[in-house]
Every structure is written in C-alpha cells, then in structure tokens.
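Peer 1: Under this note's numbering, the residue at position 49 of the sequence shown is numbered 49, and the numbers go up by one with no gaps. Beta carbons are placed, not taken as given, at the ideal position from N, Cα and C, and that holds for glycine.
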Amino acid sequence: MKAESSKAISPGVKIGHVHLKVSDLERSLDFYCGVLGFELTQRYGSQAAFISAGGYHHHIGLNTWESLGGKPPAPGTTGLYHVAILYPARADLADALL
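1) Please report how far the alpha carbon of Gly45 lies from the alpha carbon of His58, in whole angstroms.
2) In three-state DSSP terms, what is Leu20?
3) Would you give the residue range spanned by the alpha helix (DSSP H) that Leu97 belongs to?
4) Could you please give the first and the last residue of the uninterrupted alpha helix (DSSP H) stretch that includes Glu4?
5) Could you tell me which residues DSSP pairs with Phe38 in its beta bridges?
6) What is the C-beta distance between Leu115 and Gly61, in whole angstroms, given that I count them as a contact (C-beta under 8 Å)?
7) Quick check: does the Cβ of Ala3 come within less than 7 Å of any heavy atom belonging to the ligand COA?
8) Between Val35 and Leu97, which are expected to be in contact by the criterion C-beta below 8 Å, what is the C-beta distance as a whole number of angstroms?
9) Who are the near neighbours of Pro73 in its chain, counting only those whose CB is closer than 7 Å to its CB and skipping five residues on each side?
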C-alpha cells in the first residue's frame, strides 16, 4: 500500500477526539480534570466519561469497557504511544502541574 496520496488533506482538518482505554476511571478523571483542568462533559456510570476544554463536546473519551483493572501493555506491542496536549503557554501548563 502506498503511503502517499495524490490529494493532500486540508490544513484545516483537526482531530475531534480520542478514546483511551483506562484501567481506573476515577484515577484517570483525577489526573485529566483534577490536575490538567479538563472539564467533565458527560459520564456513563462507572464505565466511561467524556472530558473537554473550552466547552467542546469532548476531546478525550475515557472508558473501562475492556480494560477495567488492566495492566499496561507489554513493551513492543502496538497501541497509542504518544498524545500531545498543547497548552497556550508553558506557564499555563506549569500552573496546572504545580
């Protein structure tokens, strides 16, 4: 399969949201909302939650549907490796973390 396309994607395209399988929903909410400052927009009992910044419906979905109490994946396995959450300025990130 060819990695290049004859038609480039629009530079206005944005990633709407990402869903993360987590082992502990409360711990994840404590980090994303309590530390980083995301807002809880919707919750589905003890199994899933959606969080956002700035009133968007959700930037991140967190769920335990297949991962409740799970362990991190073994090194060398496939999966999401990195996500960057971009704060307007480093000072904003520092305020969240300190």
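Peer 2: Judging by the given coordinates:
1) Within the model, the alpha-carbon separation for Gly45 versus His58 is close to 17 Å.
2) The DSSP-derived three-state label of Leu20 is strand.
3) 90-97
4) Neither: Glu4 is in no alpha helix (DSSP H) and is coded neither H nor E.
5) DSSP lists no beta-bridge partner residue for Phe38.
6) Here the chain comprises residues numbered 1 to 98, so residue 115 is not present and cannot be evaluated.
7) Of ligands this structure carries none, so the ligand COA is not represented either.
8) 7 Å
9) Gly79
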